[in-house]
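First comes the structure, then the notes that go with it.
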Amino acid sequence: MNRATLFHQALRALACLPLLALATGPARAELQIDITQGVSDPIPIAIVPFARTPTDGGFDLAAVVQHDLDGSGRFRSMDRGAMLGQPQRSSEVVAADWRAARQDYVVVGRVSGGTGTSLNVEAELVNALTGQSLGLLRVTATAGTLRTAAHQVSDFVFQRILGTRGAFATRIAYVAVDGAPPSQHFQLLVADADGENPQVVLDSRQPIMSPAWSADGQWLAYVSFEDHVSAVYVQELRSGQRQRVSARAGVNGAPAWSPDGKRLALTLSGSGGNLDLYVLDLASQQLARITDDPAIDTEPAWSADGSQLYFTSDRSGGPQVYRVDVATRGRVQRVTFGSSYNARPRLSPDGKTLAFVTREGSDYRIAVQELGSLNGNVRVLTRGSLDESPAFAPNGMSILYAGRVNGRGSLATVSVDGLVTQRLKSDRGEVREPVWGPFSGTP
Amino acid sequence: MNTPKNLLLVLAGSLLLALGGCATKKVKPVAQNTPVASDAAQSSGASGNGVTTVTAGGQGVSGQGSAPVGVERILYFDFDSSEIKPEYVATLAAHAHALSANASIRVRLEGHTDERGSPEYNIGLGERRAQAVRRALLLQGVGEGQVSTVSYGEERPAVPGQTEEAWSKDRRVEIVYIN
C-alpha cells in the first residue's frame, strides 16, 4: 500500500471520528502485502495514471493496479517518473516509445462521470511489442467502490496476459488476537484480498476459530467459544444475522460449507469425546454421521463435486489425510504418506491438488500433492517452523496460510509453483486462520 | 439444541461500516432459526463490501468457589500425550472427593495443547486430555452430570512464546468449578 492510500484512509477515518469512537474494534488497514520472493523474470508493464474526474474523490486507481500486479510477483511495473507521456487511450499509445523503455505491456484508462453519482471506469491493455490493443474493460463504480474497480482492472490485465483469472477483487477472512493470555481479545475480520478495508465480523472475549466461506461469498461459518463451550455459527456478512447451528455436548468444530451451499460438514465429539465427521443439512437441521472411528476425525474439506470429504484422522497413529465417500459413508482411503504428521487438507478449486500441513523434522510446513497419481509428488512449499491453515486462492494459483514471524502469528501466501511468496504484514498482535473467499460474492 | 440463546448484540457494526464511507446501516433483528439461503442476494454497488459487526455476548468468568482449598487445579501433559502423570493421582483424588461429597457441584474440564500443528486437530488432542481427566473422576465416583469438557486446543496458551518451557505449560487440563 502506498502513502497516498494510507493518507486517504486516514482522512476518511477522521471524517467519521464521532462514529468511530463508539466502534468496538480498529478497522484500519492492518494487513500490507510485502513481496518476499517473485519470479526471476517478471513481466515489465507500464500502468499509466488514469484520466480523472472531479467526482472520483482523488482516488489514484492506477496506483492500486500497480500495487496489485507488483504484489503478484509476476509483474514489474514501470516507475511513473520515467514515463515520457501519459496517454489515456490505446490510440494515443506510441508503441515504439514504450518498447524503447523496455515495457512489454501498457495499461491506459480513464475515470469519467456517469449518471448521478456513478462513475465509468475504462481500461485498455496494449501490447507494446505489436502496438495492438488486447482488450477494453468497462466497469461502473461510485467514488466508494473505485478500489474494487481497480482490482477488477488488475484481474482483467492478469487474465489477458497470463491466461488465468486474477483474484485481486476477492476477499479474505481471518482471526485477529490482541492482548496476552489469559485476557485476550478475538476478532473475526473480512478484508479485501490485498488486506485493505478490514471489517469486523465478530468481536469476542473468547476464542474464534475456523472461519469458512459459503460458496456464494455472502456467509461465514465459524466456531465461537463465547459461552465457554464450542459452538458452530453461520453468519450473513451484510446483515450480521447469524444462527447457532450446532452447540452439542463436547466439540463442535471445523465447519466446511458444501459446494452447493446447503450443507455444512463439521466435527462433533458428543460427551464421550470421540471426534467424528458429520454433515448438517442447514434447512432441515438433519444431521448425518459420516465417520465412526475411535480416532480423532476432523478438518473436513469437500471435493469440488461434493461427493467426498477429505479429512484428518489419527486412526493409523499420527495424523494423516483420508477421504470418505459422503453418500455411502464408506470407502475410507488414506491419501497422505511420507511424513508422520499430515493434517488439515484443502482442495484446489479444480480438485486436482491437495494442500495440507506437514511436519519436516520439528517444523510444520505447507505442502501440496497432486491427487491424480498414487503417492503423487509431495512438494513442501514453505520454510517456516509453525506454518498452518492453508487455504487456496479461488483461482488456484496460490495458497494463503498462517505462520510465525519473529514470534508473532502472521499471514503469508505462496504460489502453488513455489516461485512467489508474499507476507501480509499486520499491525495486530496476532493474525491467523486465514481463508480466501470465492469469486462470487465479490461486489 | 437449535434454539439460539443469547445470540448477539448487534450494534457496533453499523459504526464500523462508517469506514466504508460514513454510511449507516440498519441492522435487522436476528430471527430465530433464520433459514440459511444458499441463493442470498448478490451484493452490489457502493455498500458491496458491507459487513455488520456482531459482538458476542457470552458469560462472565466462572468463580472457583466450590473448589477444594489448597488443591492444584491444573494438570500438565507430555507432548502428544493424554496420559495422566502419576504425580497427579493425589490431586485428582482430592477433586473426586470434593465432587462426590456434593452432587450439586459441577466442574468444566478445559483441555489445551501447545501451538504446534493444526488448530482443529489440536482441538481433538485437547479434548482427549479433558476426557482422560473426566474418566479418572468418574472412576472415583463422581456423577456424569457433574463433569463437562471443553477443548480450547491451541487457542488459549498459558504462556506465550516458542520455547519448550512455554509449550510444557500450555499442554494442560484446567479444572474449573462452575458453581
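Protein sequences, first through last, are from chains A and B.
Going by this note's numbering, the first residue of the first sequence is number 3, and it counts up by one from there.
Going by this note's numbering, the first residue of the second sequence is number 712, and it counts up by one from there.
C-beta atoms are modelled at their ideal positions from N, C-alpha and C, and glycine is treated no differently.
Q. If you drop the 5 nearest sequence neighbours on each side, which residues of the same chain put their C-beta closer than 6 Å to that of Q237/A?
A. Taking the first residue of the first sequence as position 1, residue 237/A is located at position 235. Cβ neighbours of Q237/A beyond the five flanking positions: L222, R244.
(Q) Going by DSSP in three states, P797/B sits in which element: helix, strand or coil? (A) Mapped onto the second sequence, residue 797/B falls at position 86. P797/B falls in the helix class under three-state DSSP.
Q: Ignoring anything shorter than 4 residues or poking outside the region 811-876 of chain B, list the alpha helix (DSSP H) runs there in chain order.
A: 830-850
**Q.** Residues that DSSP places opposite E238/A in a beta bridge
**A.** As a working note, residue 238/A is residue 236 in the first sequence. In DSSP, E238/A forms a bridge with W221/A.
Q: Verify the CB distance criterion: does G431/A have a CB-CB separation below 7 Å to chain B?
A: Counting from 1 along the first sequence, the entry for residue 431/A is found at position 429. G431/A does not count as touching chain B.
Q: Would you verify that the beta carbon of E866/B is, or is not, closer than 7 Å to some beta carbon of chain A?
A: If you number the second sequence from 1, residue 866/B lands on position 155. Chain A, which has a Cβ nearer than 7 Å to the Cβ of E866/B, makes this yes.
Q. Distance, Cα to Cα, S315/A vs D365/A?
A. Taking the first residue of the first sequence as position 1, residue 315/A is located at position 313. Taking the first residue of the first sequence as position 1, residue 365/A is located at position 363. For S315/A and D365/A, the distance between alpha carbons rounds to 20 Å.
(Q) Check whether chain B comes within 7 Å of A256/A, counting only Cβ atoms and requiring the distance to be less than that. (A) Your numbering for residue 256/A matches position 254 in the first sequence. At least one chain B Cβ lies under 7 Å of A256/A.
Q: Answer with yes or no whether the minimum CB distance from E783/B to chain A is below 7 Å.
A: Locating residue 783/B in the second sequence gives position 72, where the first residue counts as 1. No - not a single Cβ of chain A is within 7 Å of the one on E783/B.
Q. From which residue to which residue does the alpha helix (DSSP H) around G446/A run?
A. Because chain A in this structure spans residues 3 to 445, residue 446/A falls outside the shown range and cannot be described.
Q) Is there contact between the region 291-300 of chain A and the region 274-281 of chain A, where contact requires at least three CB pairs shorter than 8 Å? A) yes
Q: At 7 Å on the CB atoms, spell out the chain A contacts of A869/B, in chain order.
A: The count along the second sequence starts at 1 and reaches residue 869/B at position 158. Those within 7 Å of A869/B in chain A are P183.
Q. Does DSSP classify Q68/A as helix, strand or coil?
A. For the purposes of this step, residue 68/A is identified with residue 66 of the first sequence, where counting begins at 1. Note: Q68/A maps to helix in three-state DSSP.
Q.
So the candidates are S318/A, V96/A, F160/A, A84/A; which of them puts its Cα closest to the Cα of D70/A?
A. Residue 70/A sits at position 68 when you count from the first residue of the first sequence. Answer by Cα proximity: F160/A.
(Q) Check whether the region 817-826 of chain B and the region 837-849 of chain B touch, using three or more Cβ-Cβ pairs below 8 Å as the test. (A) yes
Q.
Taking beta-carbon pairs under 7 Å, can you tell me which members of the region 292-324 of chain A lie near chain B?
A. I298, T300, E301, T314, P321
Q.
My output table needs one value for S442/A: the three-state DSSP class, helix, strand or coil.
A. Numbered from 1 along the first sequence, position 440 holds the residue referred to as residue 442/A. Three-state result, S442/A: coil.
Q: With 7 Å as the threshold, decide whether the Cβ of E126/A is near any Cβ in chain B.
A: For this step, residue 126/A is matched to residue 124 along the first sequence. Not closer than 7 Å to any Cβ of chain B, the Cβ of E126/A fails to qualify, so no.
Q: Say whether chain A places a C-beta atom closer than 7 Å to the C-beta of Y832/B.
A: In the second sequence, residue 832/B corresponds to position 121, counting from 1. Chain A, which has a Cβ nearer than 7 Å to the Cβ of Y832/B, makes this yes.
Q | Partner residues on chain A for Y863/B, Cβ-Cβ distance less than 8 Å | A | Along the second sequence, one-based indexing puts residue 863/B at 152. Chain A residues near Y863/B: P209, F227.
Q | Secondary structure of I368/A, DSSP reduced to three states | A | To locate residue 368/A, count along the first sequence from 1; it is residue 366. In the structure shown, I368/A sits in a strand (DSSP, three-state: E or B).
**Q.** Residues sharing a beta bridge with N122/A, DSSP
**A.** Taking the first sequence and counting its residues from 1, the one referred to as residue 122/A is at position 120. Paired residues: S114/A, T142/A.
(Q) Measuring only the C-alpha atoms, how far is L138/A from F158/A? (A) Taking the first residue of the first sequence as 1, we reach residue 138/A at position 136. Taking the first residue of the first sequence as 1, we reach residue 158/A at position 156. In a straight line, the C-alpha of L138/A is about 9 Å away from that of F158/A.
Q. Under 7 Å, do A814/B and G854/B count as touching if we go by C-beta distance?
A. On the second sequence, residue 814/B is found 103 positions in, with the first residue counted as 1. On the second sequence, residue 854/B is found 143 positions in, with the first residue counted as 1. A contact, by the Cβ cut-off of 7 Å.
Q | Within chain A, partners of Q656/B - CB distance below 9 Å | A | Residue numbering for chain B in the displayed model covers 712 to 890; residue 656/B lies beyond these limits and cannot be assessed.
Q) Should P184/A go down as buried or exposed, given a rule of 16 or more other Cβ atoms within 10 Å for buried? A) As a working note, residue 184/A is residue 182 in the first sequence. By the 10 Å Cβ count, P184/A comes out exposed.
Q: Could you pull out every residue in the same chain whose Cβ sits closer than 6 Å to the Cβ of Q90/A, ignoring the five residues on either side in sequence?
A: In the first sequence, counting from the first residue as 1, residue 90/A sits at position 88. For Q90/A, where only same-chain residues beyond five positions count, the Cβ hits under 6 Å are A53, V110, R112.
Q.
Pull the bridge partners of Y343/A from the DSSP assignment, please.
A. Counted from its first residue, the first sequence places residue 343/A at position 341. Answer is none; Y343/A lacks a bridge partner.
Q) For G275/A, which residues in chain B fall below 8 Å Cβ to Cβ? A) Looking up residue 275/A in the first sequence gives position 273. Per Cβ cutoff of 8 Å: E838, R839, A841, Q842, R845, T860.
Q. Would you call the CB atoms of P302/A and A267/A closer than 7 Å?
A. As a first step, residue 302/A must be located in the first sequence, where it is residue number 300. As a first step, residue 267/A must be located in the first sequence, where it is residue number 265. Yes, the pair counts as a contact, with Cβ atoms nearer than the cut-off.
Q.
Just to make sure I have the definition right: I need the residues of chain B whose C-beta is within less than 9 Å of the C-beta of Q161/A. Which are they?
A. One-based indexing of the first sequence puts residue 161/A at position 159. Those within 9 Å of Q161/A in chain B number zero; the least Cβ separation is about 21 Å.
Q | Neighbourhood of M85/A by C-beta distance below 7 Å, restricted to the same chain and skipping five residues each side | A | Here residue 85/A refers to the residue found at position 83 when the first sequence is read from its first residue. Excluding residues within five positions, the ones whose Cβ falls inside 7 Å are A48, V50.
Q: For my contact list, R827/B and L388/A are in at a C-beta cut-off of 8 Å; report their separation, rounded to the angstrom.
A: Here the question's residue 827/B lines up with position 116 in the second sequence. Here the question's residue 388/A lines up with position 386 in the first sequence. Rounded, the Cβ-Cβ distance is 6 Å, consistent with contact.
Q.
If distances are taken between C-alpha atoms only, which option among D307/A, G340/A, D295/A, F394/A comes closest to D262/A?
A. Looking up residue 262/A in the first sequence gives position 260. Checked all of D307/A, G340/A, D295/A, F394/A; the closest Cα to D262/A is D307/A.
Q. Can we say the region 125-145 of chain A touches the region 166-183 of chain A, given the rule of at least three CB pairs closer than 8 Å?
A. no
Q) On the three-state DSSP scale, how would you describe T405/A? A) As a first step, residue 405/A must be located in the first sequence, where it is residue number 403. In the sequence as displayed, the identity of residue 405/A is Gly instead of Thr. Looking at G405/A - three-state DSSP - the assignment turns out to be strand.
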